[in-house]
Amino acid sequence: MTLSSLWLVVLICTTFGVHKENFRTCDQSGFCKRHRNLQPGISTYVVQPSTLRISKSSLMVDVLNTANNVRFLLQGYGLQHGIFRVKLVEAEPIRERYEIPVGISLVAEPVQEELVYEGEKDGKLVFTLNKNKMIINVNPLRLDFLINDEPVTSLNAQGLLKFEHTRQKQESKKEEAEAADGAAEESKVEEVKTADDEPDMWEETFKGFTDSKPNGPVSVGVDIAFPGFRYVYGIPEHADSFALKTTKNTDPYRLYNLDVFEYDLYNPMALYGHVPFMVAHNEKNTVGVFFQNAAEGWIDIQSNVADKSLFSNLADFVTGKSEVPQTDTHWFFEDGIIDIFVLLGPGPKEIFQQYASLTGNTPLPPLWALAYHQCRWNYNDQEDVRNVDQTMDKFDIPYDVIWLDIEHTDGKKYFTWDGSRFSNSIEMLRNLSSKGRKLVSIVDPHLKRDDNYKVFTDARDKGLLVKNSNGNDFDGWCWPGSSSWPDFLEKHVRDWWADQFLLENYQGSAENLYVWNDMNEPSVFNSPEITFPKDVKHLSGRENREVHNIYAMLVHQATWDGLLKRGNYKERPFVLTRGFFAGTQRSAAVWTGDNMGEWSHLKITVPMMLSLNLAGIHFSGADVGGFFRNPDTELLTRWYQAAIFQPFFRAHAHIDTKRREPYLLPEENMIIARDAIKKRYTYLPLWYLLFHKSEKTGMPPMRPLWTEFPKDSLVFERDDSFILGDAILVRPVVDQGHTTANVYFPAEQMLWYDIDTYKLYHGGHEVTVDAPLSKLPAYQRGGTIVPRKLRARRSASLMYSDPFTLVVCLDKNGKAMGQVYVDDYHSFDYSKGSYALMELSFHNFKLENNVLHKGDGFSTKEWVERVIIAGVNTEPKNVHLIKSDHSRVELGHSYDQNSKVLTIRKPGVNVAEKWIINLH
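Those letters in the sequence shown? Residues -20 to -1, 1 to 900, by mature numbering (1 follows the signal peptide of the UniProt record, and there is no 0).
Written out as structure tokens, the structure reads:
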């Protein structure tokens, strides 16, 4: 392919939407067809109980596939926090299958807990972990997991387990048989011949690309049922509803990291990253399944009625009916092993903690990273950057980060600058730093094959590059043209990549420059499905088909390590990635890729964000305004409103779109967008607190409503709204021309307060609220206290010492609770205890601040300048403050009889000290 024809392909893709024919369907994938064509029935896999070996926290037992007499080893483990782990591997494989090493998706080796063997009864092996059970049915193999003796998850209940054992190709196997001249060996040949008669076993062709399969068919799959559950969620990334849909009449949901231009909505196509983690929820329980596998995967989903003959003790969930809902799922992967973690909650918060214990938490970002980011492909030159920076200040629009896309480089050679347009990048970075601002530059993993490009020649000469199937350095096309890719699966290659970010290596960079890893699926323009061919070889000899979905994560992990090293392990890095996998949350933020400036793409941001947050990818967002096309002013204005309550807040646009910095909007729209951005800044203390909790507990900042209201079935399928932490209900307006919105307020006993007017709404009702263009429907939950900072600044870095406003919204009992978290907002000192965490409570007409933690030597200048209390029915006669030294200070206040809001002025007390405000 010539460079000109390459650009034609890219132009077509970016002009006319996604070209579905560039990506496989299940019918075009041999292993997907083989698994999907299986029919439910009696499984041929049988446990051999006489081989059972038990230790304190694990079991091993042999399994025989009676169809071909191939033996397998079933391993079971009891893990901390009430997690079961099940592995199925070949007992005598011809080659070692790939298992993801600890430290990639798993943050550490899981801590094991005692697994009690209750014995064998009626052909079932019973194991207990705390109060939960795993029951292994012997003939046929089936595993049931129970909470309080109630089945909630089952493996191989439909008999769809299929483990394609490693084998030699028919011809070579037959030669061995002839040499041995033995009847038994001839029998094996006939068995292999029968299996190998199926198409696509040893070679497969797609769109003119031939995929050699030297290892033959090695896929694995199993059905996983959720009896009692109507809804399942997760397995991002797909542009689909939050509650996953049946795939009875569509392709399965696909898990394969791909570069998809202008992706379609509401279909199961693969996108840029994937997390094979699914959660099922009902009024009684929440359970999860994490299938650890790095190969291409597909998942079928169907809603059914549970077979109560198999679950005689299953309770009815639908009053007055004998039918119990069940969701059946079928998971299959092209390679690897079966390695499944079953998380038994039993509630949403326990599921988040359990999953985080496996794959890790999101480290607390620096405060500036939670603020507003301004980006496009591409700001033209240093003068353009300066003008944008100055114009944002001129229009009083705060922002913290400006971004540079691929055009800032010298000929798409990463770690370089275009000398004609960015001749003095250090000066540009210094000017931004003077205002507390940062710059993010793009660094993609493809390296231009150019003998004058040091990064490439160094990687080539050191043998660090991915190989093609014949052992030569892989040569593919991406933005620079002919390119090669470092093999990030190797630690020494990741260490080499990390070193490229040192200031002495990344010439023209500075400590306020951070990094964006795009195209890391990896994207390869002239390869099948715009990514690595599956038979590309890594330095270890592994094929890409075995490890594909972890490549992107290893790229951004290495980038994170590089920024850590550059900052002498003191400053918190920031990395944005497009491709991701389970565990990505430990080292990168994620955005949803090449979306479009259309109302439908604004609407899909909420379910996509909820799916990502559910699967541990908490620091995530969607490009404000859409990457492609030119949104009208109403859409762009509404998008800014919606995005301020999503975790990662960045505006971005394609190179061919019209400029759309917020100050270019018509004045009315500009003011609304500016007010929205400023509102984001006032809520930064809440965002920071929620990310502190995310790191400590695994709880997502952006949550589905059923996380906080698990028994309210009316919210199980709802994805037009969400709750920020446990406090702020957000229902964005995502339809053109709408000036009202239907808002469902959960929980009959709950009170909800409009965040702008403090108008009161009662829970348990859906209400049509006014939502003119200037209004974002958002409501603070009664019984919560939210910290805010209301002083206007041009960047978050200038807000470190600003005072707090505490917003107290009372519940029906006149009570409220909340927390405030402070540290230095940028370093890792907090991880050594240098922070303060305060708990606020309002009860008996007094607001009390208690210090839960304050590190030795830690201090802050932050103080409380205002307290707003909503839901106060009678104005107090006086308000006074009792300080930590027991001194008493009378405080001024005002009271609004109509809104029932009391405002207390200037308590003037340090936020990290104990104090009490009394109302009389």
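Just so you know, even glycine gets a beta-carbon here, dropped at the ideal spot from N, CA and C.
Straight-line gap, residue i to residue j (C-alpha atoms, nearest Å)
i, j, result
"glycine 743", "serine 821", "22 Å"
"asparagine 247", "aspartate 574", "16 Å"
"alanine 260", "arginine 698", "15 Å"
"phenylalanine 725", "threonine 764", "15 Å"
"leucine 294", "glutamine 716", "Any reading at leucine 294 must be qualified, since the residue scores a pLDDT of 46, below 50, and its modelled position is unreliable; no value is offered."
"phenylalanine 52", "alanine 562", "27 Å"
"lysine -1", "alanine 772", "47 Å"
"glutamine 693", "leucine 685", "One point to set straight first is that residue 693 is serine, not glutamine, in the sequence displayed. Spanning the two alpha carbons is a distance of roughly 10 Å."
"isoleucine 127", "isoleucine 63", "12 Å"
"threonine 133", "isoleucine 74", "32 Å"
"residue 931", "lysine 812", "With the chain running from -20 to 900 in the structure shown, residue 931 is simply not present."
"leucine 44", "asparagine 136", "14 Å"
"alanine 159", "aspartate 467", "Any reading at alanine 159 must be qualified, since the residue scores a pLDDT of 48, below 50, and its modelled position is unreliable; the value itself is stated next. If you take the alpha carbons of alanine 159 and aspartate 467, they lie about 41 Å apart."
"threonine 613", "glutamate 647", "11 Å"
"valine 802", "phenylalanine 186", "55 Å"
"leucine 592", "aspartate 865", "47 Å"
Residue i - containing alpha helix (DSSP H), residue span
i, result
"valine 586", "579 to 594"
"phenylalanine 471", "It should be pointed out that residue 471 corresponds to lysine in this sequence rather than to phenylalanine. It spans 471 to 479 - the alpha helix (DSSP H) in which lysine 471 sits, taken as one unbroken run."
"alanine 71", "Careful: alanine 71 lies outside any alpha helix (DSSP H) and carries neither H nor E."
"valine 96", "Where valine 96 is concerned, there is no enclosing alpha helix (DSSP H), although the beta strand (DSSP E) it sits in stretches over 96 to 101."
"asparagine 229", "From DSSP, asparagine 229 is part of no alpha helix (DSSP H); its letter is neither H nor E."
"glutamate 675", "664 to 677"
"isoleucine 406", "405 to 413"
"tyrosine 801", "Counting along the chain, tyrosine 801 falls outside any alpha helix (DSSP H), though it belongs to the beta strand (DSSP E) covering 796 to 802."
Under the three-state DSSP convention, the category residue i falls into
i, result
"phenylalanine 321", "strand"
"aspartate 211", "The question names aspartate, but residue 211 is tyrosine in the sequence shown. Tyrosine 211: strand per DSSP, three-state reduction."
"arginine 33", "strand"
"leucine 645", "coil"
"arginine 761", "strand"
"aspartate 438", "helix"
"methionine 818", "strand"
"glutamate 363", "helix"
"lysine 447", "strand"
"asparagine 722", "strand"
"serine 781", "coil"
"glutamate 484", "coil"
"asparagine 2", "helix"
"tryptophan 278", "strand"
"proline 513", "coil"
"asparagine 117", "strand"
When the options are compared against residue i, the one with the closest alpha-carbon
i, options, result
"asparagine 360", "Thr748, Asn2, Asp636 and Arg846", "Asp636"
"glutamate 470", "Tyr531, Pro328 and Ile849", "Tyr531"
"lysine 691", "Lys111, Ile80 and Pro328", "Pro328"
"asparagine 110", "Glu94, Glu100, Leu409 and Ser693", "Glu94"
"glutamate 578", "Phe608, Leu556, Trp571 and Leu594", "Phe608"
"tyrosine 433", "Phe395, Ala88 and Leu412", "Phe395"
"valine 881", "Pro887, Glu688, Phe784 and Asn853", "Asn853"
"aspartate 750", "Thr737, Gln760, Arg761 and Gly762", "Thr737"
"histidine 388", "Ser421, Trp496 and Leu245", "Ser421"
"asparagine 326", "Glu263, Cys355, Ser781 and Leu709", "Note on identity: in this sequence residue 326 is proline, with asparagine being the wrong assignment. The option with the nearest alpha carbon to proline 326 is Glu263."
"leucine 817", "Leu592, Leu238, Leu666 and Met576", "Leu666"
For residue i, the first and last residue of its enclosing beta strand (DSSP E)
i, result
"histidine 745", "745 to 750"
"lysine 826", "826 to 834"
"leucine 493", "493 to 497"
"tryptophan 457", "456 to 458"
Cβ-heavy atom distance, residue i to the ligand PLP, below 7 Å
i, result
"valine 87", "Summarising the ligand content, the structure contains no ligands, and the ligand PLP is consequently not present."
Would the region 218 to 229 and the region 280 to 288 be scored as touching if the rule is three or more Cβ pairs under 8 Å?
yes
If you pair each beta-carbon of the region 12 to 26 with each one of the region 182 to 202, do three or more pairs fall below 8 Å?
yes
With contact counted as at least three CB pairs below 8 Å, one residue from each stretch, are the region 504 to 521 and the region 254 to 274 in contact?
no
Taking three-plus beta-carbon pairs below 8 Å as touching, is the region 456 to 469 in contact with the region 418 to 426?
yes
Tell me, please, whether the region 232 to 251 touches the region 174 to 194 by the rule of three or more beta-carbon pairs shorter than 8 Å.
no
Report yes or no: do the region 28 to 47 and the region 203 to 212 share at least 3 C-beta pairs separated by less than 8 Å?
no
Sufficient close CB pairs (3 or more, under 8 Å) joining the region 579 to 596 to the region 694 to 710
yes
Give a yes or no on contact between the region 330 to 349 and the region 86 to 93, applying the rule of three or more CB pairs nearer than 8 Å.
yes
Counting pairs of Cβ atoms below 8 Å between the region 344 to 354 and the region 302 to 316, do you hit three or more?
no
Do the region 372 to 379 and the region 646 to 661 meet, that is, are 3 or more Cβ pairs less than 8 Å apart?
yes
Any contact of the region 483 to 500 with the region 400 to 415, i.e. 3+ C-beta pairs under 8 Å?
yes
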